[in-house]
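Note that the UniProt record's numbering has the sequence shown beginning at 1, numbered continuously upward.
Glycine included, every Cβ here is placed at the ideal spot set by N, Cα and C.
Have a look at the structure below before the remarks.
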Amino acid sequence: MSVPPPGAHNRRVRTPNPTAGWEIARPARPSAPGAIAMAGFRIRGDGLSELRAIPHPAVTIVVDFGERPLTVSEAGGGSRSGSLVVGLGFRELRVRADLLEAVQVRLSPLAAREVLGVPLAELGGNVIALEDLWARDAGRLRERLHDAHTWQDRFDLIDSALSQRLRARRSIEPEVAWVWQQIMASHGLARITDLAERTGRSRQQLWSRFGRQIGLSPKRAAMLVRFDHAIHRLADGHPPARVAAVTGYADQAHLHRDIRAFTGATPAAAAAEPWLAADDTAWPTRMVTGVR
Numbered sequence: 001m002s003v004p005p006p007g008a009h010n011r012r013v014r015t016p017n018p019t020a021g022w023e024i025a026r027p028a029r030p031s032a033p034g035a036i037a038m039a040g041f042r043i044r045g046d047g048l049s050e051l052r053a054i055p056h057p058a059v060t061i062v063v064d065f066g067e068r069p070l071t072v073s074e075a076g077g078g079s080r081s082g083s084l085v086v087g088l089g090f091r092e093l094r095v096r097a098d099l100l101e102a103v104q105v106r107l108s109p110l111a112a113r114e115v116l117g118v119p120l121a122e123l124g125g126n127v128i129a130l131e132d133l134w135a136r137d138a139g140r141l142r143e144r145l146h147d148a149h150t151w152q153d154r155f156d157l158i159d160s161a162l163s164q165r166l167r168a169r170r171s172i173e174p175e176v177a178w179v180w181q182q183i184m185a186s187h188g189l190a191r192i193t194d195l196a197e198r199t200g201r202s203r204q205q206l207w208s209r210f211g212r213q214i215g216l217s218p219k220r221a222a223m224l225v226r227f228d229h230a231i232h233r234l235a236d237g238h239p240p241a242r243v244a245a246v247t248g249y250a251d252q253a254h255l256h257r258d259i260r261a262f263t264g265a266t267p268a269a270a271a272a273e274p275w276l277a278a279d280d281t282a283w284p285t286r287m288v289t290g291v292r
């Protein structure tokens, strides 16, 4: 997949359903807080009623502003509507995608607690209404996005709201932040025991601190990052056996088990999801691994 040039704002991608048109926008300039990446989505077309959300190594904020509210259905049968926060490492979520208008934020867990005001260990992989965290500010932001005239105006509004919530003091310990960065940089292949030794912590101490501050154990975080790397390679058309070999899985069956565990789908079905095809347009620089 080609990566669009930095100045390109609005792009369309063709989903497997040819009647469903996607408009994808991204900021013309980087967001002020270095850990935050944003994209705007407008999906028109009744032929595409539901999409599978693919887990990603980021906390997700979605602020909807269209006439029809965003609706997310969970594997257990529950659903939520409106602007939402989705925790790190969620599982088996489906999004009603017809007539969707929203700005999505992929937020590094190194900044998420400050922005959201809730420990990530409490957030877990759950879906929470943004109003439960931001109270009336969430509704005000939605109204302002609805009234905005351009995507860049909407990005500026989101950027301002997020920046106001980022404090100078960081709540993530340097050792924990470094371990997360190493997991991301290695695509999930870094040995957790080696990382613990290099921080001067015992394995037990690292797992406790990391889990409390990131919301996942180091092992689970590495599995999520490795899965993300692998599923994108599958979406790019690489053979499953080759993907398993280069992304650190024991074999193709191991890769298949992880994909089903994270998505509830077969590798072929998960890799064909339109969200993955949109990633190189919506998130051309990928996630930033640290907080600047």
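Cβ shell of residue i (< 8 Å), same chain only, five flanking positions each side left out
i           : result
residue 230 : 243, 244, 247, 249, 255, 258 and 259
Bridge partners - residue i, DSSP secondary structure assignment
i           : result
residue 64  : 102
residue 128 : 85
residue 93  : 53 and 74
residue 38  : 105
residue 80  : 72
residue 59  : 107
Cβ neighbours of residue i in the same chain (closer than 7 Å, five flanking residues each side left out)
i           : result
residue 65  : 101, 102, 142, 145 and 146
residue 166 : 33, 111, 114 and 115
residue 252 : 240, 241 and 244
residue 219 : 192
residue 273 : 51, 52 and 54
Nearest-angstrom Cβ-Cβ length linking residue i and residue j, presumed shorter than 8 Å
i           : j           : result
residue 62  : residue 88  : Not really, about 15 Å apart at Cβ, beyond 8 Å.
residue 224 : residue 271 : So it is not a contact: roughly 17 Å between Cβ atoms.
residue 36  : residue 162 : 6 Å
residue 173 : residue 209 : 6 Å
residue 91  : residue 125 : 6 Å
Residue i versus residue j: straight-line alpha-carbon distance, rounded
i           : j           : result
residue 78  : residue 60  : 19 Å
residue 227 : residue 134 : 31 Å
residue 155 : residue 283 : 14 Å
residue 58  : residue 181 : 12 Å
residue 279 : residue 263 : 17 Å
residue 202 : residue 175 : 12 Å
residue 277 : residue 21  : 13 Å
residue 236 : residue 184 : 20 Å
Same chain only: Cβ atoms within 6 Å of residue i, ignoring 5 sequence neighbours per side
i           : result
residue 265 : none
residue 206 : 196
residue 212 : 121
residue 190 : 182 and 183
residue 42  : 23 and 101
| task | Determine, using beta-carbon pairs with one atom in the segment 66–77 and one in the segment 129–140, whether at least three such pairs fall under 8 Å. | result | No, they do not touch.
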